[in-house]
Amino acid sequence: MSQFTVLPCVAGVLFSIEATSTFFAVRNYWRGFLAATVSAFFFRLLPVWTGDEETITALFKTRFRFEFPFNLQELPAFAVVGIACGLGGALFVYLNRLIVQFIRNQKTVNKFLMKKRLLYPVLVTVLISTLTFPPGLGQFMAGKLTQAETLETLFDNWTWTKHGIAEEFDYIGHSQAWIHPQVNVFVTLGLFVFMKFWMSALA
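Under full-length UniProt numbering, the first residue of the sequence shown carries the number 1, and numbering increases by one thereafter.
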């Protein structure tokens with residue numbers, strides 16, 4: 001029931017701004033979104049403060065094994081993760097804009113690419129395919145997996161490492177693509193995130 005109350009707050013703000021974008025001051029966008037986020041947050045927190053619920057419950061069906069799916073002390077950590085992801089998204093947009101502006105400012109390259117529009121996608125595809133080729137650099141960033149398999153392994157419920165040493169853990173299924181004899185799992189994940197970040201901005 002509560003999910004139907006919380007989610008329309010944010011969706012309603014976003015839709016109203018989109019529908020009235022020619023009349024609505026876009027500078028108020030962040031204010032409306034912040035108000036919707038804060039109201040949704042306090043709506044979920046009030047039942048805990050009044051004693052109606054013991055802890056914040058999940059909005060959607062989950063398979064958490066713990067008696068308390070969320071602990072109030074974890075919320076600042078979730079906020080830090082959200083802020084980091086927001087900054088990462090802003091950095092992604094900035095990087096993409098830099099790449100596009102660089103290509104547009106190179107007049108000879110821009111004219112050439114305007115005449116041969118398929119050349120840029122082909123060059124980017126060849127570059128990304130070469131860098132993610134599994135026997136090459138792709139072995140350090142799970143190059144064997146498709147995008148769907150990558151997401152599946154990133155969200156599965158398995159411990160990938162014990163004390164940061166990949167060799168101590170028995171990997172199952174697609175998770176084996178994340179290990180390398182000379183490299184820690186966290187190096188593989190870090191390289192994966194870094195490479196996907198700039199390659200997506202380039203594409």
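No residue lacks a Cβ here, since even glycine has one placed at the ideal position from N, Cα and C.
Start and end residues, alpha helix (DSSP H) containing residue i
i: P135; result: Run containing P135: none; DSSP gives neither H nor E here.
i: P47; result: Y29 to T50
i: K116; result: No alpha helix (DSSP H) contains K116, which DSSP labels as neither H nor E.
i: G89; result: L75 to N105
i: T146; result: Taken as a continuous stretch (DSSP letters only), T146 belongs to no alpha helix (DSSP H), as it is neither H nor E.
8 Å contact criterion, which residue i and residue j should meet: CB distance rounded
i: W178; j: V185; result: 6 Å
i: A201; j: L95; result: 4 Å
i: H180; j: F133; result: Actually they do not touch by this definition, with Cβ atoms about 15 Å apart.
i: L123; j: L131; result: Contact doesn't hold; Cβ gap of about 13 Å is too wide.
i: F197; j: F92; result: 7 Å
i: T48; j: L72; result: A small fix is needed here, since residue 48 is Val in this sequence, not Thr. The Cβ separation is near 7 Å, so the contact holds.
i: M199; j: I99; result: About 11 Å separates the two Cβ atoms, so there is no contact after all.
Neighbour flag for residue i against chain B, beta carbons, 9 Å
i: L113; result: Looking at the structure shown, chain B is missing, and only one protein chain is on hand.
For residue i: DSSP bridge partner residues
i: V187; result: Answer by DSSP bridge pairing: none, since V187 is not bridged.
Outcome for residue i when other beta-carbon atoms lying within 10 angstroms are tallied against a minimum of 16
i: A36; result: buried
i: P112; result: Per the sequence presented here, residue 112 reads as Phe, with Pro not at that position. F112 comes out exposed.
i: G89; result: exposed
i: L118; result: exposed
i: R44; result: buried
i: T50; result: exposed
i: F192; result: buried
i: A166; result: The pLDDT assigned to A166 is 48, lower than 50, so where the model puts this residue is not dependable; a value taken from the coordinates is nonetheless given after this. Result: buried.
i: T153; result: buried
i: F194; result: exposed
i: T108; result: exposed
i: T150; result: buried
i: G82; result: exposed
i: V142; result: Checking the sequence, you will find Ala at residue 142 rather than Val. That one is buried.
i: L87; result: exposed
i: L145; result: buried
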